[in-house]
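Participant: Attaching a single structure in structure tokens format; questions to follow.
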Amino acid sequence: MGAIFRKEMRTYFTTISGYGFLGFFALITGYFFIGQNIVGSSANYNDTLTGSMIMFLILVPVLTMRLFAEESRQKTDQLLYSVPIKVTSIVTGKFLAAVCLYFIALVITMVFPVALSAFGNVDWGMTLTGYLGYFLMGMCLISVGLFISVLTDNQIVAAVSTFAVVFVLFMMDNITSSLPATIFSSLIFVGIVVIILAVMVYSSTKSFAPTAIFALLGFAVMTGVYVVKPTLYDGVMAKVLSWFSILGRFENFYLGIISIADVVYYITFSIALLYLTVNVIEKRRWN
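Residue numbers (the numbering used here): -2 to 284.
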């Protein structure tokens, strides 16, 4: 893992990619800092963090698109898979390198609240809590981009796909608020989820029997819940999809509140995406 991490960090700082990322990150943050805190005369630096989140739509795809897609295109991924290194170490090394570059960018932007403190009273507890939430949210989005990068050998496809997914995650609160909350629509949603999970089971086992058993059990449980307590299906679609609300989890950090549930959510989200990335590579390695 250490060798992969050092290789990625060396790539960032021996090419323009790392410096470009840091420069653009600081530039956009500075723009919102001037607008929110200087022109807007606000001492709350978390307003700048919230406003600058829009740059994730561009920076995350740019940062992650080459992590695996470029290696697949150049066929150097085969070299990685052939060496006696665990796939988990490869994925973790690349992920930590991207997160490290992102962390450096955040450290650089701390010059803004420091400058702000010279002209007013900055609540450093709230500001640092905001930075923690901002870091965790960025970490989640990087794990999304990493996973998408491993699915294609085309950097442009990886970047566009990551942009689309990040956009949907940002819009999740708006999406869930407009979803139907009827029991019928919830049943259809749960049925689709069962089918998707069954397909995943078949993809992993390549066997029809366990897939059929899983699907039958899933539909049986779904039917049983409907018969016993149908009200449990009220608004279930919105409740499930709201779990993917990245921005919603940042609200407590913005207010200066460190919620263990939100921290665990961000970390769990990232680990889940890394796990999926490892699984995709493992299948390729053995095929």
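Note that beta-carbon positions come from the ideal geometry of N, C-alpha and C, so glycine has one too. What you are looking at is a predicted structure, and each value in this text was computed from that prediction instead of being measured.
If you check the beta carbons only, do K242 and D170 fall under 8 angstroms apart?
Facilitator: Lys is not the amino acid found at residue 242; the sequence shown has Ser there. Yes, these two residues count as a Cβ contact at 8 angstroms.
Participant: Using a Cβ-Cβ cut-off of 7 angstroms (strictly less than) and excluding sequence neighbours within five positions of F160, which residues of its own chain qualify?
Facilitator: The answer, listed in chain order, is L54 and P58.
Participant: Check whether the region 97 to 117 and the region 130 to 142 are in contact - that is, three or more C-beta pairs closer than 8 angstroms.
Facilitator: Counting Cβ pairs under 8 angstroms, three or more are found: they touch.
Participant: Do you know how far the Cα of T126 is from the Cα of V198?
Facilitator: Going by the C-alpha atoms only, they are around 40 angstroms apart.
Participant: What is the DSSP secondary structure of T179, reduced to helix, strand or coil?
Facilitator: Reduced to three states, the DSSP call for T179 is coil.
Participant: Please state the DSSP three-state secondary structure of L213.
Facilitator: Looking at L213 - three-state DSSP - the assignment turns out to be helix.
Participant: Assuming K203 is part of the alpha helix (DSSP H), what are its boundary residues?
Facilitator: Careful: K203 lies outside any alpha helix (DSSP H) and carries neither H nor E.
Participant: Quick test of your reading: G130 and Y251, contact by CB under 8 angstroms. State the CB separation rounded to the nearest angstrom.
Facilitator: About 7 angstroms separates the two Cβ atoms, so the contact holds.
Participant: Any heavy atom of the ligand MN closer than 7 angstroms to the beta-carbon of L46?
Facilitator: For the ligand MN, the structure offers nothing, since it holds no ligand at all.
Participant: Counting only runs that start and end within the region 38 to 123, where is the alpha helix (DSSP H) found for 4 or more residues in a row?
Facilitator: Those alpha helix (DSSP H) runs which fall completely within the region 38 to 123 and span 4+ residues are 43 to 49, 53 to 61, 66 to 71, 74 to 79, 84 to 106 and 108 to 114.
Participant: Compare the beta carbon distance of L93 and F18 with 8 angstroms and say whether it is the shorter of the two.
Facilitator: No, Cβ-Cβ distance for L93 and F18 is not below 8 angstroms.
Participant: Compare the Cα-Cα distances from W121 to each of A269, D259, R281 and G253 and report the closest residue.
Facilitator: Of A269, D259, R281 and G253, the residue nearest in Cα terms is G253.
Participant: Keeping to the same chain, check which residues put their C-beta closer than 6 angstroms to that of F186; ignore five residues upstream and five downstream.
Facilitator: Excluding sequence neighbours, F186 sits near M234.
Participant: For a test of the three-state rule: what should DSSP assign to D259, helix, strand or coil?
Facilitator: Correct three-state label for D259: helix.
Participant: Nearest to A269 by CA position, among I13, S140 and G188, is which residue?
Facilitator: The shortest C-alpha separation from A269 is found at S140.
Participant: Around the Cβ of Y16, are there at least 16 other Cβ atoms within 10 angstroms (buried) or fewer (exposed)?
Facilitator: That one is exposed.
Participant: Which residue's Cα is closest to the Cα of I189: P207, S204, A212 and T265?
Facilitator: Out of P207, S204, A212 and T265, A212 has the C-alpha closest to the C-alpha of I189.
Participant: Could you give the distance in angstroms between the alpha-carbon of L214 and the alpha-carbon of T208?
Facilitator: When rounded, the distance between both Cα atoms is 10 angstroms.
Participant: Is it right to say G20 is buried, meaning 16 or more other beta carbons lie within 10 angstroms of its own, or is it exposed?
Facilitator: Per the 10 Å Cβ criterion, exposed.
Participant: When burial is assigned at 16 or more other CB atoms within 10 Å of the CB, is A155 buried or exposed?
Facilitator: Flag for A155 reads buried.
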